[in-house]
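Some notes on the structure that comes next.
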Amino acid sequence: MILPLFYYIVLPTFSSIILFVISKKRLTKYFALIVQIFLLVSVIGRIFYQEGLPAIESLSSHAIPISMNLRWDSFSGIMLLLSSILFPLAHLYGIRRKHVGNLYVFLFLSLQGFINAVFLSADFFNVYLLIEISSIIVSILIMYKRDPIAVYDGMLYLMVNLIAMVFFLFGVGYLYKIFGTFDMIKIEKLMTEIKDPGVLILPFAFLITGSSLKSALMPLFSWLPKAHATPSAPSQVSSILSGLFVKSGVYMLVRILILFSGKIEMGVVFIVLGAFTSILGAVFAFSQTDIKLLLSYHTVSQVGLIVFAFSLDAKYAYYGAMMHIFTHGIFKALLIMASDAAVSHFKTRSIKKMYGIWHMNKGLAIVFIIGILGITGAPFMNGGFSKALISKDMSGGFLEILYIVMSMVTMISFSKFIPFLFSKSDGSKIKMRIEKKISLFSYASVVIITGIWGAQFLYVLTGSDVGYAVHYPLKKFLIYIVEFSVSFILYKYFYKKQNILKGIRSLELDFNQIVLTMCLFFGFIMAYLEFIN
Amino acid sequence: MENVIEMINAQNTALVLLFVGLYGLSARRNIVKSIIALGMLQTAGILFFISLDSNSNSAPPIGVFQYTIPADPVPIAAMITVIIVGVSITALTLSMFISMYHRYATTNWIKVKNKRNKL
């Protein structure tokens, strides 16, 4: 069942408008779920039965070079599959909550349509408009319960992202001035005819600044923890943000880097930025006591790892990074949903006050363990598969040391969950409704299925068989256990240094400083490019 | 001297407007001034696109052309959407600001941040 590509955009958006007009609460909620599951089935069908990649479909009756196009290739296929899995499971988890009404379903379902369109679109101006509209919808969803904290976080998020999009708009404008078109495929072909790469410095700097802020790279990530972990945001929205929306920034960043890759080489800068983001994000995550803030700083860290892996410019690392986008989306959403179940039982978000999940609800504890094993890269989980692909080509040297430091800091920050899971409990049991159990079970089964059959999964999605080179000899299990034990010991050591941790927790940039950092980042990229040319 | 006069065209004016707007955003603590500066950034973007393929000899791209070459209509058409998005952004940020003022009673970014951290 292969639908034309524009159905993935039009179906959620139009059905959300129609459901909002009809305005019967129960019908709206459950019909939206049916629409999302239908989209998931059609995406899976398209992946299995597609003929040739990339598939380009024109949106008008003109011939392909002149018209506005939608493009499906392996990268956008992975992102669309991730979006189609995350949205229905997030909706199912919270479907009987109080705040899920007509307006909420309207915003949520149309957000799915716009995010799908960002991934499918092959036209720079469309991408600019869609990311703007998605940012507006996301900021309304963050502020949905109109808490004072949420109002500040939502406004900060909106203004910072709009400024980043103005940078992006200027970059698109300069590209139009040079090439005469907005279309990504045509620009790729015309790029080979540029003789003087000095012309491309200004558009590149504008585009990269905009995309780096959307993907929360090192100096520009202050908006992310506030937006993703604001106390009263519905956790479905947080899981979509952390799992999917921040990846749209990475998607645009990687597309732009690949587009300009013949003329402008920025590999070293993004390796350093990605590694720095990853380590610093995990250090910030470790110093938090709020469980949602911990998970959202950890998102920053993993996005740094993804950017690091993309800019290594090696075949295994490229596919590993693409897989890591998918796997990180799944297990981050799993951890956010599972921690929401724990938060609603204990009525507090501080991880120090929550203990003994194993004795309270074995299913929830197993789901947590699967998520943690996935995120730290255990063998046979999908996180382990993608991390093994990323580190396959690193043979000694500085890069391997950086990678080991990054994965160990991740493990240290997740060692906080061990007392959370296994200490003594006070005897009460956590009861969860049936839809929450189904949702968590589906997340966990996707983690395990794409872990064990990871190579086949990668082959079906992208047509490349690099995944078959990943093996799990006994050595890998032992290395994992040793790494985790060392991390746990280091965690116990750092746990006592409470003053340093409190100091790290209080570092925060306010709005003016964020904008100033953006301008300095832009200036730094321009200076670096002028210097190497 | 001709070089300097040549550089005063609409695109460079848009760049100057962009940086003035960015200065306003990074150096002023009043939230309403930030929203005004954001509107300035939008205007800079629109000016940049509208003047992309035009010089003093080109005609507006409407109507019948006999002896003049029209300016490029594609970016001009794209800017209709951007103007609409800009208006809706201004409306949305202003209403968010009113919501924030009801809860925090201040129009200063730093005071709002301190109050939020105490909550």
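One line per chain: the protein sequences are S and C, in this order. The opening position of the first sequence corresponds to residue 0 in numbering that gives the first Met the number 0, with each subsequent residue numbered one higher. The opening position of the second sequence corresponds to residue 0 in numbering that gives the first Met the number 0, with each subsequent residue numbered one higher. Ideal Cβ positions, reconstructed from N, Cα and C, are used throughout, including at glycine. Note that the structure is a prediction, hence the values are computed from the model and not measured.
Between Thr-229(S) and Ile-148(S), the C-beta gap is smaller than 8 Å, which places the two residues in contact. Cβ-Cβ separation between Gly-453(S) and Asn-498(S): approximately 43 Å, too far for a contact (criterion under 8 Å).
Looking at the DSSP output, Leu-69(S) sits in a beta bridge with Glu-56(S), Ser-120(S). The alpha-carbon separation between Ala-116(S) and Phe-487(S) amounts to approximately 43 Å. Taken in chain order, the whole alpha helix (DSSP H) runs of length 4 or more contained in the stretch 36-115 of chain C are 72-103. Counting only the Cα atoms, Lys-474(S) lies some 37 Å from Leu-52(S).
In this structure, DSSP gives Ser-422(S) a state outside helix and strand, which the three-state scheme calls coil. With its beta carbon at least 8 Å from every one in chain C, Lys-501(S) lies outside the interface. If you look at Lys-176(S), you'll find it in the alpha helix (DSSP H) that goes 147-178. Assignment of Asn-381(S) by DSSP, reduced to helix, strand and coil, places it in the helix class.
Looking from the CA of Ser-50(C), the closest CA among Pro-74(C), Val-31(C), Tyr-66(C), Ile-4(C) belongs to Pro-74(C). Using a CB distance below 7 Å, the part of the stretch 49-79 of chain C facing chain S consists of Leu-51, Pro-74, Ala-77, ordered along the chain.
The Cβ-Cβ distance between Ser-247(S) and Lys-331(S) does not fall below 8 Å.
Identification of chain C residues near Val-9(S) by a Cβ-Cβ cut-off of 9 Å yields none; the smallest Cβ-Cβ distance measures about 18 Å. It is roughly 14 Å from the alpha-carbon of Ile-186(S) to the alpha-carbon of Leu-206(S). Annotated as distal: Asn-511(S) and Ser-98(C), with beta-carbon spacing of 8 Å or more.
Rounded to whole angstroms, the gap between the alpha carbons of Ile-162(S) and Ala-468(S) is 43 Å.
Its Cα nearest to that of Ser-94(C), the residue Ile-34(C) stands out among Gln-41(C), Arg-27(C), Ile-34(C).
A distance of 8 Å or more separates the beta carbons of His-90(S) and Tyr-143(S).
Taking one beta carbon from each stretch, the stretch 52-61 of chain S and the stretch 95-110 of chain S have fewer than 3 pairs nearer than 8 Å; the two do not touch. Among the residues facing chain C, Glu-192(S) is not included, as its CB has no counterpart in that chain under 8 Å away.
In the DSSP annotation of this structure, the continuous segment of the alpha helix (DSSP H) that includes Thr-298(S) starts and ends at 290-309.
Fully enclosed beta strand (DSSP E) runs of no fewer than 3 residues are not present anywhere in the stretch 437-515 of chain S.
Residue burial annotation: Lys-351(S) is exposed, with fewer than 16 other C-beta atoms found within 10 angstroms of its C-beta. Any Cβ of chain S closer than 8 Å to the Cβ of Lys-32(C) would place that residue at the interface, and such an atom is absent.
Using a Cβ-Cβ cut-off of 7 Å, Ser-94(C) is close to nothing in chain S; its nearest Cβ partner there is about 10 Å away. Any Cβ of chain C closer than 8 Å to the Cβ of Ile-162(S) would place that residue at the interface, and such an atom is present. The alpha carbon of Val-253(S) has as its nearest neighbour, out of Ile-480(S), Gly-502(S), Met-393(S), Tyr-318(S), the alpha carbon of Tyr-318(S). Taking a cut-off of 8 Å on C-beta distances, the stretch 457-468 of chain S does not touch the stretch 395-409 of chain S, as fewer than three cross pairs fall below it. By the Cβ criterion, the stretch 264-274 of chain S is in contact with the stretch 295-314 of chain S, since at least three pairs of Cβ atoms, one from each stretch, lie closer than 8 Å. With contacts defined by Cβ atoms closer than 8 Å, Val-445(S) and Ile-84(S) form a contacting pair. Less than 8 Å separates the beta-carbon of Ser-120(S) from that of Leu-69(S). In the structure shown, the three-state DSSP call for Asn-125(S) is helix. Going by DSSP, Arg-96(S) is part of no alpha helix (DSSP H) at all; its letter is neither H nor E.
Collapsing the DSSP output to three states places Asn-29(C) in a strand.
The beta-carbon of Gly-44(C) is placed less than 8 Å from the nearest beta-carbon of chain S.
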